[in-house]
Every structure is written in C-alpha cells, then in structure tokens.
Amino acid sequence: MVLPHDFDAAHERAEGLARRTSLGVGGRPRWLFEPTSAEACAEIVRMCHREGVPVRVLGGGCNLLVRDGTLEGAVIATRQIRGFEIHPDRVVVGAGQGFPDLVRKAIELGIPGLPGCPGIPGSVGGVVFMNAGGRFGSVADALIAVTGVTAEGACFERAVEPGDLGYRSSPFAGSIITGAVFRRDPAWTAERGAALFRQAMDWKRETQPLSARSAGCMFKNPSRGHSAGRLIEEAGLKGLMVGKAMVSTRHANFIVNLGGATAEDVHALIARVQDAVRERQGVDLELEVQVWS
Ligand SMILES: Cc1cc2nc3c(=O)[nH]c(=O)nc-3n(C[C@H](O)[C@H](O)[C@H](O)COP(=O)(O)OP(=O)(O)OC[C@H]3O[C@@H](n4cnc5c(N)ncnc54)[C@H](O)[C@@H]3O)c2cc1C
0 MVLPHDFDAA HERAEGLARR TSLGVGGRPR WLFEPTSAEA CAEIVRMCHR
50 EGVPVRVLGG GCNLLVRDGT LEGAVIATRQ IRGFEIHPDR VVVGAGQGFP
100 DLVRKAIELG IPGLPGCPGI PGSVGGVVFM NAGGRFGSVA DALIAVTGVT
150 AEGACFERAV EPGDLGYRSS PFAGSIITGA VFRRDPAWTA ERGAALFRQA
200 MDWKRETQPL SARSAGCMFK NPSRGHSAGR LIEEAGLKGL MVGKAMVSTR
250 HANFIVNLGG ATAEDVHALI ARVQDAVRER QGVDLELEVQ VWS
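Numbering that gives the first Met the number 0 applies: residue 0 is where the sequence shown begins, and numbers increase by one.
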C-alpha cells in the first residue's frame, strides 16, 4: 500500500499512549494525527478511509484501556480542536477543550447540570461520547447539538433530542465529535451553580481516589440502585492486585496503576473481579472503560 506523505509525519508523531491516558498504560499507535480544526480532521478521515486505515479517536484518554505493544491503524487526537463561542442562549465548545474548563465556566454561564460535574477529567468530545456525569449532573442535562465528522469524512451537525443519550452511551459511535453546543438557562444562576459544584466536589473528594492513576469507574452499574463498586467491595476485593494494578482501597470500582502497570495486568485484574462478583453475587459486570485491543 502506498501511503500519502502525511502518514510519515503521523508515524513520527506517534508516541506510547501510556503518556496520553490517565491510567498510564498502552502502546504506540502506528499513526497519530492531531488536527487543529474540524475541516482538517475531516480531511484526515477521508485520507484514512481512502487508504483503508481504521481510525480511533482519542480525547483526554481518561476512560481508556489501551493494549500494550503496537496499536494498528490511526489515532486522531482531538486536543488541538479547542475554543469557546459564547452566545446569549448557548455555548459552542471545541471537542478537544478540557471538560473541567467547561464545568468551571458553566457556573458563570448558567449551563444546566454541568456545575454538578466537577472532578470528571477528559475532553468535551469524550464526555459527550460517553454521556459522562454522575449523581449531581450530566452532559445530557444541557447538550443540544453536536458537530462532527462521519466515518467517511463528511462534516455534520446534528441536534440532540431528549432520549438520544443513555447511561454512558451516545449515538455517535463511528463518528468523530468535533464540537458540542450546550444551552444556557437563566434559572441556573452563578450562586446555584457554585453551590452544586461545591456539593459535588466534596462528594467526589470523599469517595474517589482522584489523585491516583486510573480510568475512573471500570464497570457500569449493573442496574438502577445496584452499584458496581458496592458489589466489588462486598466481594472483599478492595486492594486486590495483579502486577502493579490494584482495586482501589478507596473506591472499589476504580482500578489504579501503582506505577508501571501494563494493560495485561489490568485485563487480568478485571477478569478476576468479574469472576469473583459473578461467583459470589451472581452479577455480570460490564466494562464502562473503553478497551482498545
Ligand atoms: C479520576 C477520574 C474520575 C472520573 N469520574 C467520572 C465520573 O464521575 N463520571 C463519568 O461519567 N466519568 C468519569 N470518569 C471517566 C472519564 O472522565 C469520562 O468517561 C470522560 O468522558 C472521558 O473523556 P475523554 O475525553 O478522556 O475520553 P477518552 O478516554 O479519550 O475516550 C473515551 C471514549 O470516547 C471516545 N471519544 C473520545 N473523544 C471523542 C470524540 N471527539 N469523538 C468521538 N468519540 C470520542 C473514544 O474513542 C473512546 O471510545 C472519570 C475518570 C477519572 C480518571
């Protein structure tokens, strides 16, 4: 296969994804592209599509478990597609913008729900794709539209309807989100936002190992009212280790990298947790973290 010149630069740029993921594991992709605009992103997607090169999208790398060794295909990192456009009734944000920046701005700008999402790391594109959130608020509370690029490289804009986003799921699989539009609501005063932010942040600090290397919650909660963390804790698995990967002693649904863990360690630990919970509580835990194998 004869590859266009840009693939050479993308090959040079490719570095181990352990450096770009919060869990700190993962090998080197064959090609790493870093477009600075939606149009540049679309061009790269079209080029990869033409050449039959599969594409994956990297946001902040905060919910990813990437395999060790070489990762086939191209990775498009969105972190250079940034920026805010502030309008009276809405805010348009680039997909590569850090979500914590948006959460802080949401207090002043009156974006519903988002002030309840402190301590959720990652990019705006990543949180939209995952419909990230928690007990105090979520992306779905305020998202009204998404711009992106299809798998074939066409730019699109799509309104988001109620019900489009589910629990840690969105209808954007296969596309690359390049921007998101959130509504503003005058009922969300700065005082209301700041109070919710503080309440949510206090809860996060008390319950989650925020400074450890992790990918956040490993498993989805199996059903309403059933917490994966509680099931893992009740199975007595806090502190269980494989290599340098450990079930957090603070929050059992977090697997932390104690330093030097490999993807293989983390996968082995995940399997041990799933087996133990199935055996002891009869529940199948499904991964929330996205696996690149
Ligand atoms: C300490 C800690 C606490 C956390 N707390 C929470 C929490 O309270 N609630 C919660 O929901 N999550 C939480 N997370 C998980 C994580 O922050 C979210 O899942 C977030 O959405 C990940 O965004 P990201 O940009 O890092 O995505 P990535 O990890 O880069 O990618 C995750 C998935 O999204 C896809 N993706 C990323 N960007 C795009 C894009 N632009 N277009 C299309 N697909 C894309 C990727 O291909 C991948 O499949 C936590 C993580 C950590 C480390």
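All C-beta atoms, glycine included, are put in the ideal place defined by N, C-alpha and C. Just so we're clear, the structure is a prediction, and the values are computed from it rather than from any experiment.
>> Looking at the secondary structure, which residues open and close the alpha helix (DSSP H) in which Asn50 lies?
In response: The sequence given here places Glu at residue 50; Asn does not occur at that position. Glu50 -> alpha helix (DSSP H) spans 37-50.
> Do Arg157 and Val148 have their C-beta atoms closer together than 8 Å?
Replying inline: Not closer than 8 Å, so no.
>> Classify Glu84: buried if its beta carbon has 16 or more other beta carbons within 10 angstroms, exposed otherwise.
In response: Glu84 is exposed by the Cβ-count criterion.
>> Report the start-end ranges of each alpha helix (DSSP H) in the region 193-253 that is 4 residues or longer and not cut off at the edges.
In response: List check, alpha helix (DSSP H) in window: 227-233.
> Hey, is Asn62 close to ligand 1, as in C-beta under 7 Å from one of its heavy atoms?
Replying inline: True, at least one ligand heavy atom lies under 7 Å from that Cβ.
> Three or more beta-carbon pairs under 8 Å between the region 255-264 and the region 281-288, yes or no?
Replying inline: With fewer than three CB-CB distances shorter than 8 Å, the region 255-264 does not count as touching the region 281-288.
> Taking just the CA atoms, how far does Pro99 sit from Gly121?
Replying inline: Rounded to the nearest angstrom, the two C-alpha atoms are 8 Å apart.
>> Please identify the residue among Gly173, Arg277, Met245, Ala194 whose C-alpha is closest to the C-alpha of Pro221.
In response: Measuring C-alpha to C-alpha distances from Pro221 to each of Gly173, Arg277, Met245, Ala194 identifies Arg277 as the nearest.
> Can you find a heavy atom of ligand 2 that lies under 7 Å from the Cβ of Arg55?
Replying inline: This structure lacks ligand 2; the ligands present are ligand 1.
> When you compare each of Ser247, Gln96, Ile119 to Ser36 by their alpha carbons, which one comes out closest?
Replying inline: Here the closest residue by C-alpha is Gln96.
> Roughly how many whole angstroms lie between the Cα atoms of Ala150 and Gly235?
Replying inline: Ala150 and Gly235: Cα-Cα distance of roughly 43 Å.
> To the nearest angstrom, how far is it from the Cα of Thr77 to the Cα of Ala172?
Replying inline: Rounded to whole angstroms, the gap between the alpha carbons of Thr77 and Ala172 is 16 Å.
> Which residues in the same chain have their Cβ closer than 8 Å to the Cβ of Ala193, if we skip the five residues on either side of it in sequence?
Replying inline: So the qualifying residues of the chain are Ile106, Pro114.
> Anyone know if the C-beta pair for Gly178 and Ala41 falls short of 8 Å?
Replying inline: No. Outside cutoff.
> Does the Cβ of Ser36 lie closer than 7 Å to at least one heavy atom of ligand 1?
Replying inline: Result no, Cβ not under 7 Å from ligand 1.
>> Can you list, in chain order, the residues of its chain with a C-beta nearer than 8 Å to that of Phe155? Leave out the 5 residues immediately preceding and following it.
In response: Non-local C-beta neighbours of Phe155 in its own chain, meaning closer than 8 Å and more than five positions away in sequence, comprise Thr146, Gly147, Val148, Thr149, Ser174, ordered along the chain.
> Phe6 to Glu33, Cα distance in whole Å?
Replying inline: Phe6 and Glu33: Cα-Cα distance of roughly 12 Å.
> Which residue or residues does DSSP assign as beta-bridge partners of Cys154?
Replying inline: Looking at the DSSP output, Cys154 sits in a beta bridge with Val148.
> Nearest to Val90 by alpha carbon, out of Phe181, Pro208, Arg103?
Replying inline: Sorting Phe181, Pro208, Arg103 by C-alpha distance to the C-alpha of Val90 places Phe181 at the top.
>> So, for Ala9: in the same chain, excluding its five sequence neighbours on each side, which residues have a beta-carbon less than 7 Å away from its beta-carbon?
In response: The answer, listed in chain order, is Trp30, Leu31, Phe32, Ala73.
> Touching or not, the region 231-250 and the region 208-218, by the rule of three or more beta carbon pairs under 8 Å?
Replying inline: Yes, the region 231-250 is in contact with the region 208-218.
> Is the beta carbon of Ser122 within less than 7 Å of some heavy atom of ligand 1?
Replying inline: Yes, Cβ of Ser122 sits closer than 7 Å to a heavy atom of ligand 1.
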